[in-house]
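In mature numbering (1 follows the signal peptide of the UniProt record, and there is no 0), the protein residues as written are -23 to -1, 1 to 182.
Beta carbons are placed, not taken as given, at the ideal position from N, Cα and C, and that holds for glycine.
Quick caveat, the model's predicted, so the values are computed rather than measured.
In what follows, a structure is listed as structure tokens, so that the remarks can point back to it.
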């Protein structure tokens, strides 16, 4: 039973994220930070997203280990992490792969931030050899994927560390996988609470 609790905790966090983000951004798109604009982040083609999603963790891990600290890199990685949370940590169905998902726009943003962080790492003196190795693996995966030039409505959109892109909540009712996932969260929370309250059976020798 204890092993299941992290999963229940994740469901509670996702549900809370949905509710808070919905209240803060009732019409979807963007919430400004204190400093609009910030570091510019280039647009990302839809076909590149799946590959970058697989390597996102490696990119941010390399960025975290880079020394000395680079302010631009720090802002890019911070933006990537914040965007990831706003996009409910990529947990909603079709976040990365489905261009019609209300979460696809914010996925473009957090993956574009990660790619920009990798490009920044490549330009810095004293970079780790692992940076070039990761870039080569990403390029190879892009070629193998064969869809790096696929486009969607968000493909031409540029971003910046000074603004956050949230889910398009207005499109949620029209995207059944996301809608069902959101509606299932309260049921999962109730089931989790019932399971935790269920008395444990003791085995007698």
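Helix, strand or coil for residue i per DSSP?
i	result
residue 137	strand
residue 17	strand
residue 28	helix
residue 142	strand
residue 80	coil
residue 131	coil
residue 73	coil
residue 47	coil
residue 23	helix
residue 110	helix
residue 68	coil
Please classify residue i: is it buried, with 16 or more other beta-carbons within 10 angstroms of its beta-carbon, or exposed?
i	result
residue 146	buried
residue 93	buried
residue 141	buried
residue 144	buried
residue 120	exposed
Given a cut-off of 8 Å on the beta-carbon distance, is the pair residue i and residue j in contact?
i	j	result
residue 88	residue 112	no
residue 18	residue 90	yes
residue 15	residue 139	yes
residue 124	residue 24	yes
Kindly confirm or deny that the region 43 to 60 and the region 92 to 110 touch, where touching means at least three C-beta pairs closer than 8 Å.
-> The answer is yes - the region 92 to 110 touches the region 43 to 60, with three or more Cβ pairs under 8 Å.
Spell out a yes or no on whether the region 116 to 131 and the region 79 to 92 are touching, meaning 3 or more CB-CB pairs, one atom from each, closer than 8 Å.
-> By the Cβ criterion, the region 116 to 131 is in contact with the region 79 to 92, since at least three pairs of Cβ atoms, one from each stretch, lie closer than 8 Å.
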